[in-house]
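Q:
4 protein chains.
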Amino acid sequence: MTYYHSYLGLDELLSAQHPLSSAHEEMLFIITHQTHELWFKQILHELESAKNILAQHILPDQQLLLLHSRLRRITEIQKVLIAQIRVLETMTPMEFLDFRDHLNPASGFQSMQFRLVENTLGLTRDTRIKYKKAHYCQFLTQEHQSIVNQAELEPNIHQLVDQWLARLPILVYKDFDFWKQYQHSVNQLLIQEEKSIRIAQLNETELQERLQSVQNSRDSFRTIFEENIYNEHLAHGKRRLSYQAWKAALFINLYRDTPAFQMPFQILSLLVDIDELLTSWRVSHSLMVHRMLGLKSGTGGSSGYEYLKATATYHKCFPDLFNISEYLIPKSFLPSLPKGAALSLTTMDS
Amino acid sequence: MTYYHSYLGLDELLSAQHPLSSAHEEMLFIITHQTHELWFKQILHELESAKNILAQHILPDQQLLLLHSRLRRITEIQKVLIAQIRVLETMTPMEFLDFRDHLNPASGFQSMQFRLVENTLGLTRDTRIKYKKAHYCQFLTQEHQSIVNQAELEPNIHQLVDQWLARLPILVYKDFDFWKQYQHSVNQLLIQEEKSIRIAQLNETELQERLQSVQNSRDSFRTIFEENIYNEHLAHGKRRLSYQAWKAALFINLYRDTPAFQMPFQILSLLVDIDELLTSWRVSHSLMVHRMLGLKSGTGGSSGYEYLKATATYHKCFPDLFNISEYLIPKSFLPSLPKGAALSLTTMDS
Amino acid sequence: MTYYHSYLGLDELLSAQHPLSSAHEEMLFIITHQTHELWFKQILHELESAKNILAQHILPDQQLLLLHSRLRRITEIQKVLIAQIRVLETMTPMEFLDFRDHLNPASGFQSMQFRLVENTLGLTRDTRIKYKKAHYCQFLTQEHQSIVNQAELEPNIHQLVDQWLARLPILVYKDFDFWKQYQHSVNQLLIQEEKSIRIAQLNETELQERLQSVQNSRDSFRTIFEENIYNEHLAHGKRRLSYQAWKAALFINLYRDTPAFQMPFQILSLLVDIDELLTSWRVSHSLMVHRMLGLKSGTGGSSGYEYLKATATYHKCFPDLFNISEYLIPKSFLPSLPKGAALSLTTMDS
Amino acid sequence: MTYYHSYLGLDELLSAQHPLSSAHEEMLFIITHQTHELWFKQILHELESAKNILAQHILPDQQLLLLHSRLRRITEIQKVLIAQIRVLETMTPMEFLDFRDHLNPASGFQSMQFRLVENTLGLTRDTRIKYKKAHYCQFLTQEHQSIVNQAELEPNIHQLVDQWLARLPILVYKDFDFWKQYQHSVNQLLIQEEKSIRIAQLNETELQERLQSVQNSRDSFRTIFEENIYNEHLAHGKRRLSYQAWKAALFINLYRDTPAFQMPFQILSLLVDIDELLTSWRVSHSLMVHRMLGLKSGTGGSSGYEYLKATATYHKCFPDLFNISEYLIPKSFLPSLPKGAALSLTTMDS
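Right under this line is the structure:
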């Protein structure tokens, strides 16, 4: 007979709070962090499952819904984590001072699970902001270092998504070559835009500005039309997805209405959601730290708040998916898929 | 040197998940309940502190802010708990079926901490809905029964608030007798209302309806004007606060602008907030259960969902505070406090 | 050249606030209701589109994602509406008293758009709770009455979903007859349950209780196995979906993993979400009214709060979808679909 | 007889949606912006009232609760605005493309009310980020320009709070001189910190690092101890509050438990809340724009997203209040107020 209390391990759980002071608010500090860590465990549980699904060489449609449900659950957890921060903010900075010194030098910076979440999503070592000029690992114990290092070596979600996308053989069907058609459409679009600018009765300044804007677009499109430019950008970290994968992501975004792409599109959207919510959490977290500690600077010269704010700005997991809307074109310019193509897609990967 | 991981007891915490099946979703089920229990622990921590503050025979103003901050924190936690339920709802009923049988007969019904929260707030044994014709205690182990029983014996928040309110000697000052003046104002108000109805050109049906409405108000006010009626209602559970306390609560609501009553008013408002959020949580919880299990009825004939829905409707902790607005009167009819009275109030209880 | 201010009709919008008093809080009261009404308009916009999609005799897969996105948007709006109520609660009952009398007898009860939302979802006249013994229409102007009456006559979402479900010819394929197989599985399940009870060493009371519980399940399943019982329940309002539609809904829930049913399952889930969020909104709304007005009873004898609380309990739009989990069975007992069946489903309705 | 529909101006409100295309999602775009603008109007309504309260030369305690309730309401509205953004995100970038061109060049950048909110809070022209090298006013019509310019000239919340704080004569009482005592305490604290570092057995690197950290603190405290340094920082925009006001804000934060400072402390906290929520909204908004448009750059070279992200980072209204926790000291070091002082404070400003 299962009993609620023992099933949930409540004896262990409810005796795992070890305040170092007698300050009333320390309990809140502990519990808020503990619930964060429990949810991180859950996120990792979902990410592991997502990795396993994505790692299948042939990803049957049936598995896409599963993947979708894993990712969506992560977003719901993230919303709770953001909401939780407001609870900790009911503690005033003065109350925090009552026990802050006991914590020294412990900090959320040492959360191994949070690093695992970042690493599993695909944040790479070289894109990370440094704190006090040091790599995050140096603040962890040997044991934890080896765990997060291991996670850095394993294929992460970003890589697996890249491979999944790169595998989708979606771009040519009989005499329909999506990529050629798309380039053609973009060019038509830009030509038309330029024409309508020249026709409009603008003063010289406006005219030059608007034409410059079209030129900017043209330059931007070149960076995806020419594979060598793309790959150069890739090498410099301006892109993260491989060329094949990037094109597939664009294709899915453009043809999201097609039944075969509805679920892939929802999955790409969820990856952007996760990235966005992670950023929102980072911002809320950094504001809370700012409020609690001011700009108190560490020995390395940068304050905790400034470090956290920087991660909110720069630590993106799926920047290419975020930026893709720049390359979408209106439906009226979109090459229509040949009937057979749409059909062939459904069975392609299953 | 404090280390984040050990400070938070993460070894204990993150190994306290013991799934009974290999179903992927069981982890979510466990973690959601565990985070609930951690937050319950935090709520109990705040409630204990609130009880200690309220138990002081003389409650200095300085302590009111503290009490306020304890209660407000509880409301912020409750908002997180409500939000958390949506995470569990990402599990489908079919997924729940995968491990549901292993849990039998464990149920959230057996959460000792939740009972402690209810008991500490002041939910009494005789106002509780029964489940399967049995008292909630019967579903707990002996050890847990004795803990919740003990909590029922200790003074709860409702009682302590009652005593604090009853102690406020706020109602008479020189020749100003609040209670007399208030009754007078109410009568004036009702007379004026009746007059304006009789003047208005209404058809007979409307006239009778509107007059009946005034009569209803008059009857309602009688139940608070006459102490013996009030006490009769109290004996039958229609009121929960003692007469003195009830009048003080009304007074505070009426004169919330007066500096001395700003903080007491905020405290009473927070008690209503807590009650309201508890109800919202119960509703969200019962809807989630409904969705997971349907109306599956237990052996006692009532389903879990129906029981939970009933508690959402009937388990109120501070019904009198909720109902008090019925007895508020417009500022224009409100007797103005003599200058000295307002001043004397500030120092009265400190 | 489009200008933000004029595009959004802000001159009209921002001059549509006409307070009847000089009370500061009346503006909040107006704006909160106005934003509600704007969102109601948006919900109706999505519901109209959903109706058009569902009304297509042959519903291509392509349209399912569209339907899904319409319904999901409604749920996101509902979450905002629930959150909005907390803003209005920053007004105290005393502040409300400052202008309450000017509003008489206007009430949210007279929101035509809210009635349209209810009617379009499928709340029927005969399942509505009465207020002051009167039908809701009687509180509206002639013009608005005719609009909501018209909406009652048009096919609503519930009916259209019923027709869509009833059309799904999903239940028989070659010698596989889902309905027969499912009944067989349920019987096996119940027999096994009974056996395991008889084997377990229980005392007489427990034994009888557990056996009774199995019997309850058996009775419950009979109400769906036997069409005439089902239809009788339908006639008495205990069911709302036609027998065919109900079986299809069950089928979709059971086989949600099958690619062809992933989107239909998500759509059914969203309908339950909408119903659940509507209930949550009703509860939050009724608690807010309770807080503002107490139990002040109207001329008809029932208070506004009690009426609203009753609607939260009884006004369900898709009760059958909510209850369906009662009839789900574990995967291990689930008849597996013949390969061809799964495939044939994909193209059946498109 | 007031009728709900006409009272709320619903004829005007619900006919103020003028889509320029037939795209389904344009309605969502309009309604989301319209509800934003309605809430902006409400925020301005509260800010006006807050300004009037703060502008009183003598601010009685009674008015502080009122001010508190105005500010708290603004925070609740801000939470709704943040939540609303998720509704707009249910529109996909492709759906936005369907009508995006019709809007050109209108943009949220032209929201006059949002500028009024910023200006009324106290965002100054010289601290604003420029967009396309131009001042925000240049994107508005003449009429709207003159309205926002006018708002820049009027006293804003930041200035009024500064004046209110500067007026509090709270720092000297008989031989108790808070500012002297506080400086003394800080010095003691830093000396003790240094001592404990020298005693601890640290390696040379650590020792130097930790000593440097104390030195950093010492330097930071100097910037507030020496009025001329403070004023220099003020002149360079590193501080925004006048020296007197800044010290009063610190004092209130340190002695928030004292009854006389409970309400002022809550008010300062709410100003930080408002600033924090405004930043959160800006972040959510910029992420949404990023998602919809990618990094599409305008003619001036910077994309809308990059501009919005920059405002989220730099547009702070009350930076000094945010940073103040850096200068808090533990209770054990806090000079205790002489009894008379605490008492004299209560009546000082009333």
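In the order they appear, the protein sequences are chains A, B, C and D. For the first sequence, the positions run 32 to 381 when my numbering is used. For the second sequence, the positions run 32 to 381 when my numbering is used. For the third sequence, the positions run 32 to 381 when my numbering is used. For the fourth sequence, the positions run 32 to 381 when my numbering is used. Don't be surprised by glycine CBs; every beta carbon is placed ideally from N, CA and C. No experiment lies behind these values; they were computed from the predicted model shown.
Quick one: is Y261/C buried, meaning 16 or more other Cβ sit within 10 Å of its Cβ, or exposed?
A: Y261/C should be labelled buried.
Q: Is it true that the segment 104–113 of chain A meets the segment 113–124 of chain B, where meeting means three or more beta-carbon pairs spaced less than 8 Å apart?
A: The segment 104–113 of chain A, when compared against the segment 113–124 of chain B, does touch it at the 8 Å Cβ threshold.
Q: If you measure beta-carbon to beta-carbon, which residues of the segment 338–354 of chain C are closer than 9 Å to chain D?
A: Flagged: no residues at all.
Q: Is the Cβ-Cβ distance between N187/D and T151/D less than 7 Å?
A: For N187/D and T151/D, yes; Cβs fall inside 7 Å.
Q: Beta-carbon of M58/C versus every beta-carbon of chain B: anything under 7 Å?
A: Judged by the 7 Å Cβ criterion, M58/C is not in contact with chain B.
Q: Under the DSSP definition of a beta bridge, which residues are partnered with V468/B?
A: This structure leaves residue 468/B out entirely; chain B is present only between 32 and 381.
Q: Output yes if chain C places a C-beta closer than 7 Å to the C-beta of L285/A; else output no.
A: With 7 Å as the cut-off, L285/A does not count as an interface residue toward chain C.
Q: Cα-Cα, which of N218/D, W277/D, P136/D, E68/D is closest to L171/D?
A: Looking at the Cα atoms, P136/D is the closest of the given residues.
Q: Taking C-beta pairs closer than 8 Å, name the residues in chain A that H49/B reaches, listed in chain order.
A: Result: Y38, G40.
Q: Could you tell me if G332/B is buried or exposed, where buried requires 16 or more neighbouring beta carbons within 10 angstroms of its beta carbon?
A: Caution applies to G332/B, whose pLDDT of 49 falls short of 50 and renders its modelled position unreliable; the model cannot decide the point.
Q: Indicate the three-state DSSP secondary structure (helix, strand or coil) for A137/D in the structure shown.
A: Coil, per DSSP.
Q: Along the alpha helix (DSSP H) that carries R104/C, what are the first and last residues, could you check?
A: Taken as a continuous stretch (DSSP letters only), the alpha helix (DSSP H) holding R104/C covers 92–119.
Q: Is there at least one Cβ from chain A nearer than 7 Å to M379/D's Cβ?
A: Bear in mind that the predicted position of M379/D carries a pLDDT of just 41, short of 50, making it too unreliable to give a figure here.
Q: In chain C, which residues lie with their C-beta within 8 Å of the C-beta of D129/A?
A: What D129/A touches in chain C: nothing, since even the nearest Cβ is about 31 Å away.
Q: Counting contacts by CB-CB distance shorter than 7 Å, is R322/C in contact with chain D?
A: Closer than 7 Å: no.
Q: If we cut at 7 Å on Cβ distances, does G335/A have a partner in chain D?
A: Chain D contact via Cβ: absent.
Q: Any idea what DSSP makes of A54/B, helix, strand or coil?
A: Coil at A54/B, not helix or strand.
Q: Can the beta-carbon of F296/D be found closer than 7 Å to that of I305/D?
A: Contact flag unset, no.
Q: Any idea what DSSP makes of T377/C, helix, strand or coil?
A: Residue confidence for T377/C is low, a pLDDT of 45 falling below 50, so the modelled location carries little weight and cannot support an answer.
Q: So which of Q65/B, R287/B, L39/B, P366/B has the shortest CA-CA distance to H215/B?
A: Out of Q65/B, R287/B, L39/B, P366/B, P366/B has the C-alpha closest to the C-alpha of H215/B.
Q: So with Cβ pairs under 7 Å, would you call D157/C a contact of chain A?
A: So no, D157/C is outside the interface.
Q: Nearest-angstrom Cα distance between K161/D and Y167/D?
A: Roughly 7 Å separates the two Cα atoms.
Q: Quick test of the definition: if touching needs 3 or more C-beta pairs under 8 Å, does the segment 269–285 of chain C touch the segment 309–325 of chain B?
A: The segment 269–285 of chain C vs the segment 309–325 of chain B: no contact.
Q: Assign K327/D to one of two classes, buried (16 or more other C-beta atoms within 10 Å of its C-beta) or exposed (fewer than that).
A: Counting Cβ neighbours within 10 Å, K327/D comes out buried, since at least 16 surround it.
Q: L96/D versus chain B: which residues are under 8 Å apart at the beta carbon?
A: Residues of chain B passing the Cβ test: R287, D288, P290, Q293.
Q: Less than 8 Å between the CB atoms is what I'm expecting for P361/D and L128/A, so what's the real figure, rounded?
A: 5 Å between Cβ atoms; contact.
Q: So, for A341/B: in the same chain, excluding its five sequence neighbours on each side, which residues have a beta-carbon less than 6 Å away from its beta-carbon?
A: Here the set comprises I160.
Q: Quick check on this structure: which residue in S244/D, Q275/D, Q246/D has the alpha carbon closest to the alpha carbon of N259/D?
A: The shortest Cα separation from N259/D among S244/D, Q275/D, Q246/D belongs to Q275/D.
Q: Kindly confirm or deny that the segment 172–184 of chain A and the segment 91–99 of chain A touch, where touching means at least three C-beta pairs closer than 8 Å.
A: Output reads no: the segment 91–99 of chain A does not touch the segment 172–184 of chain A.
Q: Is D250/D close to chain B? Criterion is C-beta to C-beta, closer than 7 Å.
A: With 7 Å as the cut-off, D250/D does not count as an interface residue toward chain B.
Q: Please decide whether G325/A counts as near chain D, where near means a Cβ-Cβ distance under 7 Å.
A: Yes, contact with chain D.
Q: In this structure, how does DSSP classify Y162/D when only helix, strand and coil are distinguished?
A: DSSP places Y162/D in strand when its eight states are reduced to three.
Q: Using 8 Å as the threshold, is the segment 55–69 of chain D in touch with the segment 62–77 of chain C, meaning 3 or more CB pairs across them?
A: With a cut-off of 8 Å, the segment 62–77 of chain C and the segment 55–69 of chain D count as touching, because enough Cβ pairs lie within range.
Q: Under 8 Å, with one C-beta from each stretch per pair, do the segment 346–354 of chain A and the segment 138–157 of chain A reach the 3-pair mark?
A: The answer is yes - the segment 138–157 of chain A touches the segment 346–354 of chain A, with three or more Cβ pairs under 8 Å.
Q: Establish whether the CB of E263/C and some CB of chain B are separated by less than 7 Å.
A: By this cut-off, E263/C is not an interface position.
Q: Does the beta-carbon of I222/A have 16 or more other beta-carbons within 10 angstroms, so that it is buried, or is it exposed?
A: Exposed, by the Cβ-count rule.
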